[in-house]
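Visitor:
2 protein chains.
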Amino acid sequence: MVTIADVAAAAGVSISTVSYVMSGKRTISQDTRERVESAIAKLEYSPHASARSLASRSTNVIGLQAPLRAGVDVHVIMEIVAGVVKEARDNHYDILLLTSDDADGLVNAARGSRVDALMVMDIESEDPRIATLRELSTPTVLIGLPSGAGDLICVDFDFEAAGRLAAERLAALGHTRVALFGAPAEVLERHTSYAVRLNRGFLAACEELGITGSVHACPSSADAVDAVDAVLDEDAAITGILFHNEAALPHVAAHVRNDATKRDVIALSPLQLVHGVAGLVDTIEVPATEIGAAAARAILGALEGETTERVRLLQPRFSGASAV
Amino acid sequence: MVTIADVAAAAGVSISTVSYVMSGKRTISQDTRERVESAIAKLEYSPHASARSLASRSTNVIGLQAPLRAGVDVHVIMEIVAGVVKEARDNHYDILLLTSDDADGLVNAARGSRVDALMVMDIESEDPRIATLRELSTPTVLIGLPSGAGDLICVDFDFEAAGRLAAERLAALGHTRVALFGAPAEVLERHTSYAVRLNRGFLAACEELGITGSVHACPSSADAVDAVDAVLDEDAAITGILFHNEAALPHVAAHVRNDATKRDVIALSPLQLVHGVAGLVDTIEVPATEIGAAAARAILGALEGETTERVRLLQPRFSGASAV
DNA sequence: GTGAAAGCGCTAACAC
DNA sequence: GTGTTAGCGCTTTCAC
Numbered sequence: 001m002v003t004i005a006d007v008a009a010a011a012g013v014s015i016s017t018v019s020y021v022m023s024g025k026r027t028i029s030q031d032t033r034e035r036v037e038s039a040i041a042k043l044e045y046s047p048h049a050s051a052r053s054l055a056s057r058s059t060n061v062i063g064l065q066a067p068l069r070a071g072v073d074v075h076v077i078m079e080i081v082a083g084v085v086k087e088a089r090d091n092h093y094d095i096l097l098l099t100s101d102d103a104d105g106l107v108n109a110a111r112g113s114r115v116d117a118l119m120v121m122d123i124e125s126e127d128p129r130i131a132t133l134r135e136l137s138t139p140t141v142l143i144g145l146p147s148g149a150g151d152l153i154c155v156d157f158d159f160e161a162a163g164r165l166a167a168e169r170l171a172a173l174g175h176t177r178v179a180l181f182g183a184p185a186e187v188l189e190r191h192t193s194y195a196v197r198l199n200r201g202f203l204a205a206c207e208e209l210g211i212t213g214s215v216h217a218c219p220s221s222a223d224a225v226d227a228v229d230a231v232l233d234e235d236a237a238i239t240g241i242l243f244h245n246e247a248a249l250p251h252v253a254a255h256v257r258n259d260a261t262k263r264d265v266i267a268l269s270p271l272q273l274v275h276g277v278a279g280l281v282d283t284i285e286v287p288a289t290e291i292g293a294a295a296a297r298a299i300l301g302a303l304e305g306e307t308t309e310r311v312r313l314l315q316p317r318f319s320g321a322s323a324v
Numbered sequence: 325m326v327t328i329a330d331v332a333a334a335a336g337v338s339i340s341t342v343s344y345v346m347s348g349k350r351t352i353s354q355d356t357r358e359r360v361e362s363a364i365a366k367l368e369y370s371p372h373a374s375a376r377s378l379a380s381r382s383t384n385v386i387g388l389q390a391p392l393r394a395g396v397d398v399h400v401i402m403e404i405v406a407g408v409v410k411e412a413r414d415n416h417y418d419i420l421l422l423t424s425d426d427a428d429g430l431v432n433a434a435r436g437s438r439v440d441a442l443m444v445m446d447i448e449s450e451d452p453r454i455a456t457l458r459e460l461s462t463p464t465v466l467i468g469l470p471s472g473a474g475d476l477i478c479v480d481f482d483f484e485a486a487g488r489l490a491a492e493r494l495a496a497l498g499h500t501r502v503a504l505f506g507a508p509a510e511v512l513e514r515h516t517s518y519a520v521r522l523n524r525g526f527l528a529a530c531e532e533l534g535i536t537g538s539v540h541a542c543p544s545s546a547d548a549v550d551a552v553d554a555v556l557d558e559d560a561a562i563t564g565i566l567f568h569n570e571a572a573l574p575h576v577a578a579h580v581r582n583d584a585t586k587r588d589v590i591a592l593s594p595l596q597l598v599h600g601v602a603g604l605v606d607t608i609e610v611p612a613t614e615i616g617a618a619a620a621r622a623i624l625g626a627l628e629g630e631t632t633e634r635v636r637l638l639q640p641r642f643s644g645a646s647a648v
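Chains as they are written, first to last, in this note's numbering: chain A, 1 to 324; chain B, 325 to 648.
1. Output the distance between the C-alpha atoms of B:Met-325 and A:Asp-226, rounded to the nearest integer angstrom.
2. Shortest alpha-carbon distance to A:Pro-250 belongs to which of B:Ala-333, B:Ala-546, B:Leu-504 and B:Thr-632?
3. Show which residues of chain A have a CB atom less than 8 Å away from the CB atom of B:Arg-587.
4. Run through DSSP, which three-state label would A:Gly-279 get?
5. When the Cα of B:Ala-560 is compared with those of B:His-568, B:Ala-541 and B:Thr-536, which residue comes out closest?
6. With 8 Å as the threshold, decide whether the Cβ of B:Ser-377 is near any Cβ in chain A.
7. Between the alpha carbons of B:Cys-542 and B:Ala-572, how many angstroms are there, rounded?
8. Between the Cα of B:Pro-594 and those of B:Ala-495, B:Phe-567, B:Ala-412 and B:Gly-474, spot the shortest distance and give me the residue it belongs to.
9. Strictly under 8 Å for the Cβ-Cβ distance: is A:Glu-44 near chain B by that measure?
10. Using a Cβ cut-off of 8 Å, which residues of the segment 111-139 of chain A contact any Cβ in chain B, in chain order?
11. For the segment 269-291 of chain A, which residues have a beta carbon sitting closer than 9 Å to at least one beta carbon of chain B?
12. Taking Cβ-Cβ distances shorter than 8 Å, what residues in chain B pair up with A:His-48?
13. For B:Leu-624, return the contacting residues in chain A, with the cut-off set at a CB-CB distance below 9 Å.
14. Can you check whether the C-beta of A:Asp-223 is within less than 8 Å of a C-beta belonging to chain B?
15. Whole angstroms is fine: what's the gap from A:Thr-138's alpha carbon to B:Val-552's?
16. On a Cα-Cα basis, can you pick out the residue from B:Ala-591, B:Arg-438 and B:Thr-500 that is closest to B:Gly-506?
17. Return yes when the Cβ of A:Ile-143 is within less than 8 Å of the Cβ of A:Ile-95, no when it is not.
18. Among A:Val-274, A:Leu-170, A:Arg-111 and A:Leu-203, which residue has its Cα nearest to the Cα of A:Asn-245?
19. Quick one: complete alpha helix (DSSP H) runs, 4+ long, within the segment 19-56 of chain A?
20. Using a Cβ cut-off of 8 Å (strictly closer), state whether A:Ser-16 contacts chain B.
21. Closer than 8 Å by beta-carbon distance: list the chain A residues that pair up with B:Ile-282, in chain order.
22. Hey, B:Leu-367 and B:Asp-330: beta-carbon distance below 8 Å or not?
23. Does the segment 615-626 of chain B come into contact with the segment 485-496 of chain B, if we say contact requires no fewer than three beta-carbon pairs (one atom in each stretch) closer than 8 Å?
24. Just to confirm before moving on: does the CB-CB distance between B:Ser-437 and A:His-92 stay below 8 Å?
25. Could you tell me whether the Cβ of A:Ala-227 comes closer than 8 Å to any Cβ of chain B?
26. Give a yes or no on whether the minimum CB-CB distance between A:Asn-245 and chain B is below 8 Å.
27. What are the residues that DSSP puts in a beta bridge with A:Ser-269?
28. Which residues of chain A have a Cβ atom closer than 9 Å to the Cβ of B:Asn-432, listed in chain order?
29. Can you tell me where the alpha helix (DSSP H) holding A:Thr-132 begins and where it ends?
30. Is the Cβ of A:Ser-100 closer than 8 Å to any Cβ of chain B?
31. Please list the segments of the alpha helix (DSSP H) lying wholly inside the segment 413-470 of chain B, counting only runs of 4 or more residues, in order along the chain.
32. Can you tell me whether B:Val-648 is helix, strand or coil according to DSSP?
33. Cα-Cα, which of A:Ser-319, A:Glu-304 and A:Ala-293 is closest to A:Arg-312?
34. When the cut-off is 8 Å and only beta carbons count, does B:Thr-327 lie next to chain A?
35. How many Å lie between A:Phe-318 and A:Val-281 at the Cα?
36. Is any beta-carbon of chain B found at less than 8 Å from that of A:His-191?
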């Protein structure tokens with residue numbers, strides 16, 4: 001293993017000089033800098049991460065608690081994580097995947113100085129982790145928007161606005177009886193933040209618009225077809241649909257295409273997943289990668305001591321992607 | 325921040341005693357142990373991870389390079405990662421998500437002592453990372469089976485055997501013209517390990533069985549329907565199908581169900597994803613979680629100095645899940 | 001513009 | 001069964 005002492009010896013300088021060349025916290029003569037840098041390159045030196053964080057009291061690692069729970073759409077999760085990872089990498093931060101779903105995992109990572117900051121996904125409206133996080137002093141960003149977040153930073157897509165937007169569009173298309181098919185039952189039962197907000201926005205807008213709206217859980221499998229049919233059979237007056245379940249969409253879309261009745265379906269989904277899906281009036285994009293990137297930027301900003309907005313919600317818009 | 329010295333003072337012992345209580349590497353009197361443990365609990369002490377790894381020369385972190393590349397099925401990836409994470413957590417290891425797709429990311433993590441071991445996914449048959457990994461001296465496990473792995477540990481599902489198994493089943497069902505619809509074109513073009521092996525097993529078995537087999541790329545979107553139709557239109561004699569594209573399956577299955585022609589379709593997929601999908605003769609399970617867990621066990625074993633088998637391939641079998 | 005040296009919080013000899 | 005202490009490889013004062 002090559003250490004800073006090896007580099008210093010090879011360059012004929014002291015170890016502190018090597019350190020300062022790397023950090024740029026001191027002015028170094030052109031000559032010295034070049035000798036040190038070529039020694040680093042020649043020896044393939046890479047500083048020992050633990051030694052560095054012990055001395056500098058910072059790890060350049062962000063702890064990420066990503067959901068491996070039932071019901072959440074893995075594709076969306078992965079896109080968000082990809083956004084986080086890319087933004088973190090570009091700023092020389094690594095991501096530590098926390099291997100526990102509860103508050104303990106977060107506390108341990110923070111207490112053991114494993115991470116500089118925490119990022120928590122799959123937030124519920126009344127999330128039990130929040131109380132713990134608030135008294136942790138470790139900078140934290142939630143991807144979601146729970147109640148009682150205190151001054152924890154929150155970043156997410158504005159699902160409430162998306163619900164309103166969809167309702168308005170359906171109303172404008174002339175529908176007076178509309179339905180939202182959304183997350184599977186287990187996600188709703190947990191009061192997952194995004195589902196709660198989507199429902200709220202959709203129903204509130206329906207009421208304001210004077211149309212009848214309803215929300216329904218939707219399984220994330222082929223069973224979705226039967227679930228949707230059951231609802232539509234019972235209330236055939238439903239002609240406008242907002243569909244927010246990425247995994248179920250392919251099943252249902254293929255079904256709808258073969259359906260005689262003429263209904264308007266709006267999808268709420270990352271664009272990539274609706275590609276080629278037939279029978280949609282339009283799509284509201286869930287900008288998953290951008291959510292992750294925004295969350296990462298927020299936490300990096302906080303680590304730099306920036307005081308930014310505490311809540312950042314990405315605004316919805318129609319993509320115009322009305323397939324086939 | 326509470327340190328080991330605080331605990332030692334509170335318990336009235338030396339810091340080494342505290343350390344030994346935690347590691348169990350020394351016999352401690354019942355009395356002392358209790359005093360130390362209650363001091364730890366009372367102070368909510370958690371050892372500084374970097375200090376520990378600097379002194380112990382091990383991080384208890386496994387670096388994971390997971391693919392964020394085009395074409396790979398995120399659902400399968402996530403399940404594998406979940407398997408890795410669970411197994412790692414149960415053995416007190418954390419997972420560092422490497423934020424770069426290339427060999428450099430691996431080298432940096434290893435050189436900087438950020439990780440004790442590396443796990444690499446999305447392996448290509450002739451993977452450019454392998455040469456680098458082989459001379460790295462950091463224990464490494466590949467999820468895949470490339471050529472020239474040297475003594476790098478390889479863990480994966482036996483896709484070649486799965487291809488054979490499916491061909492045999494289709495032949496037994498009386499089909500003489502069979503097709504494999506598999507990964508999207510970009511995955512095949514990279515010569516991704518699993519796709520190459522699946523194709524090889526399928527075609528080899530067909531030849532041995534004296535039936536005609538062909539393999540076809542399949543887009544992972546709704547476009548899959550058209551792609552499949554194009555092939556079947558051109559060669560209507562194809563009556564047996566092996567389908568290995570989780571994202572496309574819902575689209576195609578719904579389509580097949582409405583298809584007049586009677587074809588037998590075998591799916592190769594995690595069981596969860598075929599739930600409720602109609603029209604399948606049978607399913608060969610891709611045990612994604614188990615792949616991840618096996619990979620984790622392999623790397624943990626290697627870190628303990630165990631000498632296990634260098635290649636471990638999980639064997640395929642039919643699940644009997646012939647839906648609807 | 002550069003060096004020397006005191007820690008950072010822990011582990012693991014080495015003592016008794 | 002327990003304590004003392006020399007590092008682990010860095011960052012960052014302090015000194016010149």
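Glycine is no exception: its CB is placed at the ideal position from the N, C-alpha and C atoms.
Guide: In this structure, then:
1. Distance between B:Met-325 and A:Asp-226, taken at the CA atoms: about 56 Å.
2. Considering only alpha carbons, the answer is B:Ala-546.
3. Correct list: empty, because the minimum Cβ distance to chain A is about 17 Å.
4. It is coil, neither helix nor strand.
5. Cα-wise, what sits closest to B:Ala-560 is B:Thr-536.
6. True, the Cβ-Cβ gap to chain A drops below 8 Å.
7. Here the alpha carbon of B:Cys-542 sits roughly 8 Å from the alpha carbon of B:Ala-572.
8. Selected option, being the one with the closest Cα: B:Phe-567.
9. Chain B, which has a Cβ nearer than 8 Å to the Cβ of A:Glu-44, makes this yes.
10. Those would be Arg-111, Gly-112, Ser-113 and Arg-114, in chain order.
11. Against chain B - using a Cβ distance shorter than 9 Å - the residues of the segment 269-291 of chain A are Gln-272, Leu-273, Val-274, His-275, Gly-276, Val-277 and Ala-278.
12. Result: Leu-378, Gly-436 and Ser-437.
13. Result: empty, since nearest Cβ-Cβ is about 13 Å, beyond 9 Å.
14. Residue contact check for A:Asp-223 against chain B: a CB pair falls below 8 Å.
15. For the pair A:Thr-138 and B:Val-552, the Cα-to-Cα distance works out to about 52 Å.
16. B:Gly-506 has its Cα closest to that of B:Ala-591, out of B:Ala-591, B:Arg-438 and B:Thr-500.
17. In terms of Cβ geometry, A:Ile-95 and A:Ile-143 do not form a close pair [threshold 8 Å].
18. The shortest C-alpha to C-alpha distance from A:Asn-245 to any of A:Val-274, A:Leu-170, A:Arg-111 and A:Leu-203 is the one to A:Val-274.
19. Runs found: 30-43 and 49-56.
20. Interface with chain B (8 Å Cβ-Cβ cutoff): A:Ser-16 is excluded.
21. Outside the displayed range of chain B (325 to 648) lies residue 282 of chain B, so it cannot be described from this structure.
22. By the CB criterion at 8 Å, B:Leu-367 and B:Asp-330 fall inside the cutoff.
23. Between the segment 615-626 of chain B and the segment 485-496 of chain B there are fewer than three C-beta pairs closer than 8 Å, too few to call the two in contact.
24. No.
25. A:Ala-227 does not count as touching chain B.
26. Judged by the 8 Å Cβ criterion, A:Asn-245 is not in contact with chain B.
27. Note: A:Ser-269 sits in a beta bridge opposite A:Glu-285.
28. Residues of chain A passing the Cβ test: Ser-46.
29. It spans 128-134 - the alpha helix (DSSP H) in which A:Thr-132 sits, taken as one unbroken run.
30. Answer yes: the Cβ-Cβ gap between A:Ser-100 and chain B drops below 8 Å somewhere.
31. As for any alpha helix (DSSP H) of minimum length 4 sitting wholly inside the segment 413-470 of chain B, the runs are 427-435 and 452-458, ordered along the chain.
32. Note that B:Val-648 has pLDDT 44, beneath the 50 cutoff, so the model's placement of it is unreliable and the number below is only indicative. In this structure, B:Val-648 counts as coil in the three-state DSSP scheme.
33. Ranked by Cα distance from A:Arg-312, the options A:Ser-319, A:Glu-304 and A:Ala-293 are led by A:Ala-293.
34. No - not a single Cβ of chain A is within 8 Å of the one on B:Thr-327.
35. A:Phe-318 and A:Val-281: Cα-Cα distance of roughly 10 Å.
36. A:His-191 does not count as touching chain B.
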